[in-house]
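These notes concern the structure reproduced below.
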Amino acid sequence: MVFAGTRPRDVEIRKVDAGDVGPASALLVDNFVEDRGVTVLFQEHDPKYKGRVKEWFQATLRMMLANGQEAYGAFCGDELVGIALTTRAHYKPKLGSMLRWLIQVLISCGWRTVMKTARHDQHRAESFGGAAPLIVEFIAASAHHRRKGIGKALLAKVQERAQQLMIPVWLETTKAENLEIFQRSGYRLLGERGELAVMYYRMMKE
124 MVFAGTRPRD VEIRKVDAGD VGPASALLVD NFVEDRGVTV LFQEHDPKYK
174 GRVKEWFQAT LRMMLANGQE AYGAFCGDEL VGIALTTRAH YKPKLGSMLR
224 WLIQVLISCG WRTVMKTARH DQHRAESFGG AAPLIVEFIA ASAHHRRKGI
274 GKALLAKVQE RAQQLMIPVW LETTKAENLE IFQRSGYRLL GERGELAVMY
324 YRMMKE
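Sequential numbering of the sequence shown, starting at 124, is according to my numbering.
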């Protein structure tokens, strides 16, 4: 899927693979290192915080890809300029990949991050309302390529996949200013939930 009109080159949307984990993780860190939904998973005032976040993203993305979950990248040539990570509601990693994630996150981030990650995943499932949606875990564009339609193109690709699977799309954001952006793309607000001093806005598109 190619979307014209971006600068300096056109953008191609395609699946990412294990070879893209490094640049994908760096892009996600740049976008989410100050997001409350991420910061709350880690120890406060940690001088090594940014490096730990990158380790967490790398471990999480590797585990997702190893278990057949889909991530879509927006590429300008060989440069990754946008990313959308998705999982299925019934996603359960294989034991080996889960242990690798656990070891990497435990060593690099600590037990607090492991436990808070697991607790959040359990809580959010309550908002699915009996559905088994395609979950948008993270969606982001690089700083130099924002406001060029990359996020919209990635959402369109996710929605296309959901339509193939005949399931809705679910996402959450910690930023109230993002609600209008997603609503313009057809998402409706399911509700709000305060968790660990963070407000999550949960949305779905059928």
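Idealized CB from N, CA, C, for every residue including glycine.
Predicted, not measured: the structure shown is a model, and the values here were computed from it.
- Straight-line measurement puts the Cα of Thr209 at about 16 Å from the Cα of Ile273.
- Taking every protein chain shown into account, the CB of Leu150 has 16 or more other CB atoms within 10 angstroms, so this residue is buried.
- Per DSSP, Tyr324 is one residue of the beta strand (DSSP E) stretching across Val321 to Lys328.
- As a beta-bridge residue in DSSP terms, Arg137 pairs with Gly196.
- Annotation for Val156: no alpha helix (DSSP H) segment contains it, and DSSP assigns it neither H nor E.
- Assigned with DSSP and collapsed to three states, Gly317 falls in strand.
- The continuous alpha helix (DSSP H) containing Ala189 extends over residues Tyr172 to Ala189.
- Taking a cut-off of 8 Å for Cβ pairs, the region 320-329 and the region 294-312 touch, as three or more such pairs fall below it.
- When the Cα atoms are used, Glu283 and Val228 turn out to be separated by approximately 32 Å.
- Along the region 275-315, the beta strand (DSSP E) occurs as fully enclosed runs of 3 or more residues at 292-296, listed in sequence order.
- The alpha helix (DSSP H) runs lying completely inside the region 192-250 and spanning 4 residues or more are 218-231 and 234-247, given in chain order.
- In terms of Cβ geometry, Ala212 and Phe251 form a close pair [threshold 8 Å].
- Checking the DSSP bridge columns, you'll see Val259 partnered with Thr209 and Leu294.
- The bridge partners DSSP lists for Ala264 are Gly205.
- Residue state for Ala254 is assigned as coil, using DSSP reduced to three classes.
- Taking 8 Å as the cut-off, the beta carbon of Tyr195 is found no closer than this to the beta carbon of Val321.
- Counting every other CB atom within 10 Å of its CB across the protein chains shown gives Trp293 a total of 16 or more, marking it as buried.
- The alpha carbon of Ala141 has as its nearest neighbour, out of Tyr172, Lys275 and Met186, the alpha carbon of Met186.
- Secondary structure of Gly272 (DSSP, three-state): coil.
- Around the beta-carbon of Ile262, 16 or more other beta-carbon atoms lie within 10 Å, marking it buried.
- Beyond the five residues adjoining it in sequence on each side, Pro216 comes within less than 6 Å, by CB distance, of Met186 and Asn190 in the same chain, given in chain order.
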